[in-house]
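In the working numbering, the protein residues as written are 544 to 802. Note that the Cβ used here is the ideal one computed from N, Cα and C, for glycine as well. Model, not experiment: these values are computed from the prediction.
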Amino acid sequence: MASQKPPIIVKKVKKVHGGHHGGSWKVAYADFVTAMMAFFLLLWLLAMVSPEKKVALSSFFQDYSIFADPAASTPTAPAPGINLEMESKPSPVDRSTGDKGPPGGATSEEDLVKKLKNVVDHKLKTIKDQIIIDTVEGGVSIQIVDNEGGIMFLSGQPEPTAKAKEIIAIVAESIRDITNKISVEGHTDGAPLKLGNLTNWELSTSRASAARRELEANAIPPSRIARVVGYADQELYIKHDPLDPRNRRISIILISPKK
Numbered sequence: 544m545a546s547q548k549p550p551i552i553v554k555k556v557k558k559v560h561g562g563h564h565g566g567s568w569k570v571a572y573a574d575f576v577t578a579m580m581a582f583f584l585l586l587w588l589l590a591m592v593s594p595e596k597k598v599a600l601s602s603f604f605q606d607y608s609i610f611a612d613p614a615a616s617t618p619t620a621p622a623p624g625i626n627l628e629m630e631s632k633p634s635p636v637d638r639s640t641g642d643k644g645p646p647g648g649a650t651s652e653e654d655l656v657k658k659l660k661n662v663v664d665h666k667l668k669t670i671k672d673q674i675i676i677d678t679v680e681g682g683v684s685i686q687i688v689d690n691e692g693g694i695m696f697l698s699g700q701p702e703p704t705a706k707a708k709e710i711i712a713i714v715a716e717s718i719r720d721i722t723n724k725i726s727v728e729g730h731t732d733g734a735p736l737k738l739g740n741l742t743n744w745e746l747s748t749s750r751a752s753a754a755r756r757e758l759e760a761n762a763i764p765p766s767r768i769a770r771v772v773g774y775a776d777q778e779l780y781i782k783h784d785p786l787d788p789r790n791r792r793i794s795i796i797l798i799s800p801k802k
């Protein structure tokens, strides 16, 4: 009997893509996207809270204890005078002083500008065009500018005239009751100056120092003077005309307190 070949068996295997774990990566990805959304939402909420309220909230969690009196530890009962509600945007006046006014006797920039302009209108009415008061980056600027017929410094001289001393005395009286630090700056016009070793750099610095002495002579404590600096003709007030007499000026900067 002739030998028979074994039958050939063909087995078809149907592959199913995915199987039991085919969709697990989708769940993980969804969890990741959800976590990122929550993270960015948290960052957005933190950006809406003023720095003072962040400090209050941080202090609460640092001192919180589950063993303490619940009535004293609940975040819904903040310390008196502290409001933990979020703000949409702090007002420009509060950018360096907070909602309850500036600390330590400092005055807000807006109130300070109003006060100084009122003083100028009442006491320096005849030369108010030579007193320029405005807010600048980091504080409030009081500029005492030279003018035709209203000389604050004689040509090449570091000492202020009698009229300049009178103006500085009135300014000192107006800012005496606040605690903002003071920066005194001297400026010259663009006319070149060469008197021996004296240039516009030395002249502007000497005039700033002379203005500082006048402030201190009018009861401004030396501890309030943060800096005295001369800029020569590098920061012109009338930029298109370097020889304009208004470029010769003294700037008294009331520095806003930092947060």
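Which residues in the same chain have their Cβ closer than 8 Å to the Cβ of residue i, if we skip the five residues on either side of it in sequence?
i    : result
V679 : I796
I552 : none
G530 : Residue 530 lies beyond the range of the chain shown here (544 to 802); nothing can be said about it.
S717 : K658, L659 and V662
L887 : Past the edges of the chain, shown from 544 to 802, lies residue 887, and the structure says nothing about it.
T619 : The pLDDT assigned to T619 is 47, lower than 50, so where the model puts this residue is not dependable; a value taken from the coordinates is nonetheless given after this. For T619, where only same-chain residues beyond five positions count, there are no Cβ hits under 8 Å.
Hey, how far is the Cα of residue i from the Cα of residue j?
i    : j    : result
M579 : P765 : 53 Å
I675 : I685 : 6 Å
D672 : L659 : 14 Å
V683 : T577 : 47 Å
Q777 : A762 : 31 Å
A760 : A754 : 10 Å
K739 : S651 : Correcting the residue identity first, residue 739 is Gly in this sequence and not Lys. One C-alpha to the other measures close to 44 Å.
W587 : M695 : 52 Å
Q700 : V727 : 17 Å
E653 : D677 : 9 Å
Y774 : F575 : 56 Å
D637 : R750 : Below a pLDDT of 50, predicted positions are generally treated as unreliable, and D637, at 38, falls in that range; no measurement from the model is reported.
G681 : W568 : 53 Å
L697 : E757 : 17 Å
K554 : K548 : 18 Å
F582 : A590 : 13 Å
A804 : P800 : This structure cannot settle anything about residue 804, because the visible part of the chain is limited to 544 through 802.
D720 : H783 : 38 Å
L584 : A573 : 16 Å
Hey, quick one: how far does the alpha helix (DSSP H) through residue i stretch, first residue to last?
i    : result
E709 : A705 to I718
E759 : N743 to A760
L797 : Segment R792 to I798 is the beta strand (DSSP E) holding L797; no alpha helix (DSSP H) there.
V553 : Segment: none, V553 is in no alpha helix (DSSP H) and carries neither H nor E.
K569 : S567 to A590
I'd like the list of long-range same chain contacts for residue i, defined as Cβ closer than 7 Å, with 5 residues on each side in sequence excluded.
i    : result
L655 : V683 and L797
R792 : Q686, I687, V688, D689, H730 and Y780
E702 : A753
K724 : R767, A769 and I798
P550 : none
Who are the Cβ neighbours of residue i in its own chain at under 6 Å, not counting the five residues just before and after it?
i    : result
R789 : V688, Y780 and I781
V663 : K671 and I674
D794 : As written in the sequence, residue 794 is Ser, which differs from the Asp given in the question. Counting only Cβ-Cβ distances below 6 Å, and skipping sequence neighbours, we find S684, Q686 and E728.
Does residue i have its Cβ less than 9 Å from a Cβ in chain C?
i    : result
R756 : Given the protein chain composition of this structure (a single chain), no chain C is represented.
Which residue marks the beginning of the beta strand (DSSP E) containing residue i, and which one marks its end?
i    : result
T731 : First-last for T731: undefined, no H or E at that position.
R770 : I768 to G773
I674 : I674 to V679
I685 : G682 to V688
State whether the region 702-716 contacts the region 769-780, with contact taken as three or more CB pairs (one from each stretch) at a distance under 8 Å. With contact defined as three or more Cβ pairs closer than 8 Å, the region 702-716 and the region 769-780 are not in contact.
Worksheet entry | Given 8 Å, three or more beta-carbon pairs between the region 709-721 and the region 743-752 | No, the region 709-721 does not touch the region 743-752.
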